[in-house]
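Asks: I have a structure here, written as structure tokens, and I will follow up with some questions on it.
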Amino acid sequence: MRHLGEGQDPQGTYRVVHADQYAQSFLYVQWMARDANGGLHAEHTVAIAELDNDHAEIALTDLTCRATPRGIVVTAKASSGHDDKLRRVTIEVGPAAGQYRYRAQRTR
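Per my numbering, the very first residue in the sequence shown carries number 1; after that it's consecutive.
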């Protein structure tokens with residue numbers, strides 16, 4: 001499991017976690033909040049459903065995360081165990097907890 005990083009926008013702070021198992025990627029986004037002592041804790045966690053299943057066989061590489069005025073955008077290269085097509089995945093996250101939009105574009 002790898003902590004991709006945290007991003008902050010005017011709506012708040014997000015944490016992106018990338019995990020691999022048997023050449024399959026799993027991606028999780030957490031909406032973070034500060035407690036009374038200023039520490040961050042996860043208020044809401046969502047698994048990206050398009051990736052979070054044993055049959056997807058999608059491996060992500062070159063992940064990036066950037067803040068936008070409405071949330072964050074996560075991008076990655078995606079290869080599939082079902083075919084030899086390479087894709088570019090874009091996930092627009094936020095601003096509401098649990099809200100995201102998944103898009104995959106074929107690159108070759």
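No residue lacks a Cβ here, since even glycine has one placed at the ideal position from N, Cα and C.
Where DSSP assigns a beta bridge to GLY71, which residues make up the other side?
Replies: Paired residue(s): THR68.
Asks: Anyone know if the C-beta pair for ASP35 and HIS41 falls short of 8 Å?
Replies: Cβ atoms of ASP35 and HIS41: closer than 8 Å.
Asks: Relative to the C-alpha of ARG103, which residue among ALA97, ILE48, HIS18 is closest?
Replies: The shortest C-alpha separation from ARG103 is found at ILE48.
Asks: What does the Cβ neighbour count give for PRO10, buried or exposed, with the cut at 16 atoms within 10 Å?
Replies: Below a pLDDT of 50, predicted positions are generally treated as unreliable, and PRO10, at 49, falls in that range; the measurement from the model is reported next regardless. With fewer than 16 other Cβ atoms within 10 Å, it is exposed.
Asks: Taking only three categories from DSSP, how would you classify GLU92?
Replies: Here GLU92 sits in strand by DSSP.
Asks: One question on the structure: do TYR14 and GLN30 come within less than 8 Å of each other, judged by their Cβ atoms?
Replies: Contact: yes.
Asks: Tell whether a beta-carbon distance below 8 Å holds between ILE58 and VAL74.
Replies: No. Outside cutoff.
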